[in-house]
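**Q** The following block contains the structure, expressed as structure tokens.
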Amino acid sequence: MQVILCDDCADERERLTDFLRRFERENALEIDIKAYGSADALLQRERVGCVADILFMDIYMSGTSCMDAAKAMYAQGYRGSFVFCTTSREHGVESYAVEADGYLLKPYAWEDFERAMARCRPRWERKLRAFSFVSERIHTTVLQRDVRSIETKRRGCLLHVRERVLETREPLSHFVAQLPAESSFLSVGQSYLVNLTYLEAWDDETIRLTDGSRIFMPVREQTRLRRALNEYQWLRLGERG
Amino acid sequence: MERLFLFLTIALDAYPWLFLQYLPFRGQLRLSYGKTILSCVAALLLWQLGFVWIARQSWCTLNLMLVWRVFQLVLLGLLTWLHIRSPFAKNAFVFGLLFPCQMLVLSLACFLMRFLPAGLLPPYGVVSLLRLALSALLLPCLLRLWRQVLIPVMDVQEDGVWRSVWPIPTAFTLVGLCYTGNDFELRGVGLAELLGRVAIFAGVLLSCLTLFRMLRQAEARIRASEEAEKSRLLLKLQAEQYQALTRHIESARRARHDLRQHLTVISAMAAQGDCEAVQSYAARLSPTEAAPLTLCEHPACNALLSHYQALAQGEGVAVEVRASIPRELRIEESDLAVVLGNLLENALEANRYVPRERRRISVRARTQGDRLFLIVSNSCDGRERSEKGKRSRKRAYHEPGVGLSSVEAIVKRYHGDWKIEQQDERFTVSLMLKEN
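Chains as they are written, first to last, in my numbering: chain A, 14 to 254; chain B, 1417 to 1852.
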């Protein structure tokens, strides 16, 4: 998914990038972010043939106004989502002219951002990362964000997905190969792949997930796994919102 | 066969001891373990091949072989200096400590060989086997000494201390070298010579053990005084917080009183139907923003955060605090104060070297189960160190900081974890403490 940010405030661009990265991780998406510091720079590069899925724009910027830039892009055929970020509500009505999907009132929190992204759902829903595998002779696709854990069994794997368990003959490496470089999945020994989004707690030897299941950490890997869990918590803590 | 034993005996000069030389610095290697071992083996193999080649020449003498063996010491010193990222003084200290051990084993083997029947094996063979057996006996004791005494002392970051102590074992090494014969393995060692070696070994061991004890005591004293200082600061901060709270209650009482007066005036204006006057009066009463008094529930952390927030804002630093630390936490208040105080002080210090418009400090804290996660990040000029090097600008760039080493000690005490990162012009310390 491609996202463009246009804001003259570097801190705001950074904040929005943080939110997008968190959203990317939690939803197992792949987001390509481009950022511009003014509407003029945006128009110069993206006016014609822009294929971005969502465009976040600050309304008050020096130079060409954001609304004029949005209208120009809309006129040139851009049909992605517009999300306006502003400190006032006075452009609410004007934003209908470009069929804006969201309106973020600064300073906005993670929940506001999530609501805005939910309104743009059609833009990113089809781009969610999924695991593809054969289960009971049927080609199956499961969204990565819905998978709590994957465990190996004698021949193949068991996928714990929300309320059900899917069985497959694919090896664990088949699923590992489908993960992006940055993902919330953690390999525990050679038998488990755990989605840390569902992490409830852990101690020196076990990891507990939100459904109450416990996964034992192999003795040789305990140091690495504890470090990885700490890293994940630091990552979550460092996120804005 | 004799050549093989000669090869073995010269290998024993280096191999078992090299492991102990690297052990205290295993976290500070410039190369990976594999590459370090490979380069050591390659360099020593070249040296050994040189030795064998010299031994086969017609002009070879025992004195020349001794010089070549002494050259091995230089080679080993060079290897450790290249491989280990630690100051030279620390390397030299461990090196100086190991040499008398190695010489003791050699002398003892040469002494014992006199009691074995002659002609059983070539002289180098008997010595080699005895050295192997003695090394196998001594190494576990040394390993224990290293783990329990030497390695913890290596954490002392005071370069000045190491600069002054490394000559002690080195002096013993030099004395040992002066009395090294070139034909030990052939003629054996007498009792007097052996006792001399034992005396050198005991001397270096005792002096180093005394030194270690002194170093640990000095470090404990520094830590205790630092913690006492932080506890004093904490009490002072809590008093400040209490005074601020009292002032806040007083100003709220005054505001309530004033509000009644303002409402009376506004009602009178409204009764007269003078909307413009009401509007202008209300505009004059626009509220002023006040900093929140409570940044987190934990009293000690709240006091510290409020204090440093006020200090930072006074220096034009934008502070963002998002801390969710519960009132009850099974972590000593003084320990939390040392951690948070040191990190915030460092963050504030680093911001002083940054242009005013880019000054920022961000504090995030949250508990997860019985763990407290904390992140303190700040703007910096990009020159701070990005590893657990415990450096501080408060002294000088090349000197270590006590602050971060105190933080590290507390992290260890609470079975926690921490990391220091520097990305461009942002410096971040992330840590985790596990409640007791």
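Even glycine gets a Cβ: it sits at the ideal position worked out from N, Cα and C.
Under 9 Å between the Cβ atoms of Leu1756/B and Leu1727/B?
**A** Counting from 1 along the second sequence, the entry for residue 1756/B is found at position 340. Counting from 1 along the second sequence, the entry for residue 1727/B is found at position 311. For Leu1756/B and Leu1727/B, no; Cβs fall outside 9 Å.
**Q** Note down the Cα distance separating Leu1653/B from Ala1699/B, rounded to an integer number of angstroms.
**A** For the purposes of this step, residue 1653/B is taken as residue 237 along the second sequence, with counting starting at 1. For the purposes of this step, residue 1699/B is taken as residue 283 along the second sequence, with counting starting at 1. Going from the Cα of Leu1653/B to the Cα of Ala1699/B covers about 37 Å.
**Q** What does the Cβ neighbour count give for Trp215/A, buried or exposed, with the cut at 16 atoms within 10 Å?
**A** Reading the first sequence from its first residue, position 202 is the one you call residue 215/A. Per the 10 Å Cβ criterion, buried.
**Q** For a minimum of 4 consecutive residues, which ranges assigned as the alpha helix (DSSP H) are wholly contained in the segment 26-104 of chain A?
**A** Counting whole runs of 4 or more residues, the segment 26-104 of chain A contains the alpha helix (DSSP H) stretches 52-59, 79-88.
**Q** With a threshold of 9 Å between beta-carbons, can Phe1789/B be considered close to chain A, or not?
**A** Along the second sequence, read from residue 1 onward, the residue named residue 1789/B stands at position 373. Yes - at least one Cβ of chain A is within 9 Å of the one on Phe1789/B.
**Q** Quick check on DSSP: helix, strand or coil for His187/A?
**A** Against the first sequence, residue 187/A aligns to sequence position 174. It is helical.
**Q** At what residues does the alpha helix (DSSP H) containing Thr236/A begin and finish?
**A** For this step, residue 236/A is matched to residue 223 along the first sequence. Where Thr236/A is concerned, the enclosing alpha helix (DSSP H) stretches over 235-251.
**Q** For the alpha helix (DSSP H) that Phe1509/B lies in, which residues bound it at each end?
**A** By one-based count along the second sequence, residue 1509/B stands at place 93. First-last of the alpha helix (DSSP H) with Phe1509/B: 1504-1528.
**Q** Here's the rule: buried if 16 or more other CB atoms are within 10 angstroms of the residue's CB, otherwise exposed. What is Ala1812/B?
**A** For this step, residue 1812/B is matched to residue 396 along the second sequence. Residue placement at Ala1812/B cannot be trusted, given a pLDDT of 38 that sits under 50; what the coordinates show is reported in the next sentence. The residue is exposed, with fewer than 16 neighbouring Cβ atoms inside 10 Å.
**Q** In its own chain, which residues sit with a C-beta less than 8 Å from the C-beta of Leu1447/B, not counting the 5 before and 5 after it?
**A** Reading the second sequence from its first residue, position 31 is the one you call residue 1447/B. Closer than 8 Å at the Cβ level, and outside the excluded window around Leu1447/B, lie Ser1455, His1499.
**Q** Kindly indicate if chain A contains any beta-carbon less than 9 Å away from that of Ala1782/B.
**A** For the purposes of this step, residue 1782/B is taken as the residue at position 366 of the second sequence. Note that residue 1782/B corresponds to Arg in the displayed sequence, not to Ala. So, interface residue.
**Q** Round the Cβ separation of Val16/A and Ile67/A to the nearest angstrom and send it over; I've been treating them as touching at under 8 Å.
**A** Working through the first sequence from its first residue, we reach residue 16/A at position 3. Working through the first sequence from its first residue, we reach residue 67/A at position 54. The pair is a contact, with the Cβ atoms about 5 Å apart (cut-off 8 Å).
**Q** Nearest-angstrom Cα distance between Glu180/A and Leu156/A?
**A** As a position in the first sequence, residue 180/A is number 167, starting the count at 1. As a position in the first sequence, residue 156/A is number 143, starting the count at 1. For Glu180/A and Leu156/A, the distance between alpha carbons rounds to 15 Å.
**Q** Exposed or buried, Arg1746/B, counting other C-beta atoms within 10 Å across all chains shown (16 or more means buried)?
**A** Stepping through the second sequence from its first residue, residue 1746/B is reached at position 330. Counting Cβ neighbours within 10 Å, Arg1746/B comes out exposed, since fewer than 16 surround it.
**Q** Tell me which same chain residues have a C-beta within less than 8 Å of the C-beta of Leu1536/B, skipping the five on either side of it?
**A** Position 120 of the second sequence, counting from 1, holds the residue named residue 1536/B. Only Val1542 meet the Cβ criterion.
**Q** Please determine, among Glu43/A, Tyr211/A, Tyr205/A, the residue with the shortest C-alpha to C-alpha distance to Lys14/A.
**A** On the first sequence, position 1 is the one that residue 14/A refers to. Checking the sequence shown, residue 14/A turns out to be Met, not Lys. Comparing Cα-Cα distances from Met14/A to each of Glu43/A, Tyr211/A, Tyr205/A, the minimum goes to Glu43/A.
**Q** Decide if Arg1530/B is buried, meaning its Cβ has at least 16 other Cβ atoms within 10 Å, or exposed.
**A** Looking up residue 1530/B in the second sequence gives position 114. Arg1530/B should be labelled exposed.
**Q** Should Gln1677/B go down as buried or exposed, given a rule of 16 or more other Cβ atoms within 10 Å for buried?
**A** In the second sequence, residue 1677/B corresponds to position 261, counting from 1. Result: exposed.
**Q** Could you work out which residues of chain B lie near Gly115/A, taking near to mean beta carbons separated by less than 8 Å?
**A** Residue numbering aside, residue 115/A sits at position 102 when the first sequence is read from its first letter. Simply none; closest approach about 24 Å.
**Q** State whether the segment 1748-1755 of chain B contacts the segment 1638-1656 of chain B, with contact taken as three or more CB pairs (one from each stretch) at a distance under 8 Å.
**A** Judged by Cβ distances under 8 Å, the segment 1748-1755 of chain B makes contact with the segment 1638-1656 of chain B, as three or more pairs qualify.
**Q** Quick one, which of Lys1850/B, Ile1836/B, Ile1682/B has its alpha-carbon nearest Thr1844/B's?
**A** On the second sequence, position 428 is the one that residue 1844/B refers to. Closest option to Thr1844/B, Cα to Cα, is Ile1836/B.
**Q** Using the C-alpha atoms, what's the distance from Asp24/A back to Arg1885/B?
**A** This structure cannot speak to residue 1885/B, because chain B is shown only from 1417 to 1852.
**Q** Roughly how many angstroms separate the alpha carbons of Lys6/A and Arg227/A, rounded to a whole number?
**A** The shown model of chain A, from 14 to 254, leaves out residue 6/A, and the question about it has no answer.
**Q** Grouping DSSP H, G and I as helix and E and B as strand, with all else coil, what is Ser1544/B?
**A** Numbered from 1 along the second sequence, position 128 holds the residue referred to as residue 1544/B. Here Ser1544/B sits in helix by DSSP.
**Q** Got a sec: is the Cβ-Cβ distance from Glu1705/B to anything in chain A below 9 Å?
**A** To locate residue 1705/B, count along the second sequence from 1; it is residue 289. Bear in mind that the predicted position of Glu1705/B carries a pLDDT of just 49, short of 50, making it too unreliable to give a figure here.
**Q** So, is His1814/B buried or exposed, given that buried needs 16 or more other C-beta atoms within 10 angstroms?
**A** As a working mapping, residue 1814/B is identified with position 398 in the second sequence. Per-residue confidence for His1814/B stands at a pLDDT of 35, beneath the threshold of 50, marking its modelled position as unreliable; the derived number appears in the next sentence. It is exposed - the Cβ of His1814/B has fewer than 16 other Cβ atoms within 10 Å.
**Q** Would you call the segment 219-238 of chain A in contact with the segment 57-77 of chain A, where contact means no fewer than 3 C-beta pairs closer than 8 Å?
**A** They do not touch, by the three-pair rule.
**Q** Extract the residue ranges of the alpha helix (DSSP H) inside the segment 1586-1668 of chain B, only unbroken runs of 4 or more that lie entirely within it.
**A** Counting only runs of 4 or more, we get 1600-1603.
**Q** So Asp20/A packs on Cys98/A, CB below 8 Å; how close in whole Å?
**A** Sequence index remark: in the first sequence, residue 20/A carries index 7 (1-based). Sequence index remark: in the first sequence, residue 98/A carries index 85 (1-based). The pair is a contact, with the Cβ atoms about 7 Å apart (cut-off 8 Å).
**Q** Whose C-beta lies closer than 8 Å to the C-beta of Val174/A among residues of the same chain, with five residues either side of it excluded?
**A** Along the first sequence, one-based indexing puts residue 174/A at 161. Cβ within range, chain order: Val155, Asp159, Val160, Arg161.
**Q** On the criterion of 16 or more Cβ atoms from any shown chain inside 10 Å, does Asn1479/B qualify as buried, or is it exposed?
**A** Residue 1479/B sits at position 63 when you count from the first residue of the second sequence. Classification of Asn1479/B: exposed, given that the 10 Å Cβ count is below 16.
**Q** Does the beta-carbon distance from Val1510/B to Pro1440/B come in below 9 Å?
**A** By one-based count along the second sequence, residue 1510/B stands at place 94. By one-based count along the second sequence, residue 1440/B stands at place 24. Yes, Cβ-Cβ distance for Val1510/B and Pro1440/B is below 9 Å.
**Q** Can you look up Glu1841/B in the DSSP assignment and give me helix, strand or coil?
**A** Against the second sequence, residue 1841/B aligns to sequence position 425. Here Glu1841/B sits in coil by DSSP.
**Q** Classify Asn1852/B: buried if its beta carbon has 16 or more other beta carbons within 10 angstroms, exposed otherwise.
**A** Within the second sequence, the letter at position 436 stands for residue 1852/B. Classification of Asn1852/B: exposed, given that the 10 Å Cβ count is below 16.
**Q** Are Ile163/A and Tyr211/A close, meaning C-beta to C-beta below 9 Å?
**A** As a working mapping, residue 163/A is identified with position 150 in the first sequence. As a working mapping, residue 211/A is identified with position 198 in the first sequence. No, the Cβ-Cβ distance between Ile163/A and Tyr211/A is not below 9 Å.
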